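Residue numbers (this note's numbering): 71 to 376. Glycine is no exception: its CB is placed at the ideal position from the N, C-alpha and C atoms. Given the structure is predicted, the values throughout are model-derived calculations rather than measurements. Notes to accompany the following structure.
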Amino acid sequence: MEVVTQVSTMPLASKHSTSRDLPPVELDLSSFLFESIDASQFIDVQRWSPFFDMIPIDPYIKDGYRYKSIAWFRVKHTKVAPMAEIDAHLAEVNRLSGMSEETSREYLSGPPAWQSDETGYACWNLPQYALQQSIKYNPVHGDLRREYQRISELVTDSADFHKLLDCYASFFGWSDAIVLVQFQRVDCFANRIGFPAVEGFHQDGNRHVGMLVVDRVNLTGDSGVSQYVLDDHGKKTDDLVFNSVIHPGRLIFWNDKRVWHYGTEIKVADSSVNGGRGIRDVVIVSAKTPPANMPVGPVPNSYRNW
Ligand SMILES: [Fe+2]
């Protein structure tokens, strides 16, 4: 099993030059594949574990082994102007969500929910948008809209969660982006394996993605393995450039344009413990910057509070 990894244990804010006084410098994605860091240095993931027990089952996975909740944020550096395409996109989706212009403006130009004095990034909590791939081309009748419950505010309002977003933004050094955060659990039993990546090796149409592993419970050591292969002009290649279990507390960033990713199926280690259940809990962060994939759909009726 060949394992190629680049590991750093330094908190990213000190490693990269992002500061509150200067506009950020974007990481050169032409020379970046992936990098794994020890997030347990600045995030106590064990405190997030209980929240995964509350995540509803993902109704769009018919075999019922996946649980998902999501939340949307805008993360922009204070030394750069807002990106007009992001403002326009959010205004349009807010309008389609039945939001008044006044309320919509709160999200677009109101004060941020928090801001980092160290890196200069500021964050706005966005409404509970649906996941929808093609609103840009068909705003009213796009692809299937997938509705998910919001990640608990006890998590999203916590200092550790802010550090995760701040770390993600600082690592890549974007100026302004919409960030989708997904809390995802996959489970398995002795008679039923679980699939972290239903679609096999794939790309998600982002520029870069991060995954923080929160927990692995009662899984065989060789299951739920993260794997990357290189992209070759839009086609998947065969040789694994990363093939390793990512352990709880570790955060990995990768270049979604340069590599295809996969997580192997998960299997129960011991059917006599934990009710015979194995679980893998992860947080996935993906930043959306136009003209990339902007899968933001109107807020489902049940989440409209305006
Ligand atoms: Fe993916």
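| Query | Result |
| --- | --- |
| Decide if His331 is buried, meaning its Cβ has at least 16 other Cβ atoms within 10 Å, or exposed. | buried |
| Alpha helix (DSSP H) containing Thr226: first to last residue? | 223 to 226 |
| Would you call the segment 226 to 238 and the segment 112 to 129 touching, i.e. three or more CB-CB distances under 8 Å? | yes |
| Ligand 1 and Val329: does any heavy atom of the ligand fall closer than 8 Å to the residue's C-beta? | no |
| Take the Cβ of Met364 as the centre, count every other Cβ of all protein chains shown within 10 Å, and call the residue buried at 16 or more, exposed below. | buried |
| Could you check whether the segment 160 to 171 touches the segment 289 to 307, counting it as contact only if at least three pairs of C-beta atoms, one from each stretch, sit closer than 8 Å? | no |
| Taking the alpha-carbon of Val338 as reference, which of Asn344, Gly348, Pro266 has the nearest alpha-carbon? | Gly348 |
| For Gly367 versus Arg216, is the C-beta spacing smaller than 9 Å? | yes |
| Return the chain-ordered list of same chain residues with a C-beta closer than 7 Å to the C-beta of Pro209, the five sequence neighbours on each side being excluded. | Unreliable placement is indicated for Pro209, whose pLDDT of 44 sits below 50; no coordinate value is reported for it. |
| Compute the Euclidean distance between the alpha carbons of Pro266 and Arg374, then round it to the nearest angstrom. | 30 Å |
| With Ile248 and Lys327 assumed to form a contact (beta carbons below 8 Å), what rounded beta-carbon distance in angstroms separates them? | With 8 Å as the limit, Ile248 and Lys327 do not qualify as a contact, their Cβ atoms being about 18 Å apart. |
| Enumerate in chain order the residues of its own chain whose CB-to-CB distance from Val352 is below 7 Å, with the five nearest sequence positions on each side excluded. | Gln254, Met281, Leu282, Val283, Val284 |
| Tell me where the beta strand (DSSP E) around Leu235 begins and ends. | Counting along the chain, Leu235 falls outside any beta strand (DSSP E), though it belongs to the alpha helix (DSSP H) covering 229 to 242. |
| Buried or exposed for Asn325, going by 16 or more other Cβ atoms inside 10 Å? | buried |
| Below 8 Å, is the gap between the Cβ of Ala192 and the nearest heavy atom of ligand 1? | no |
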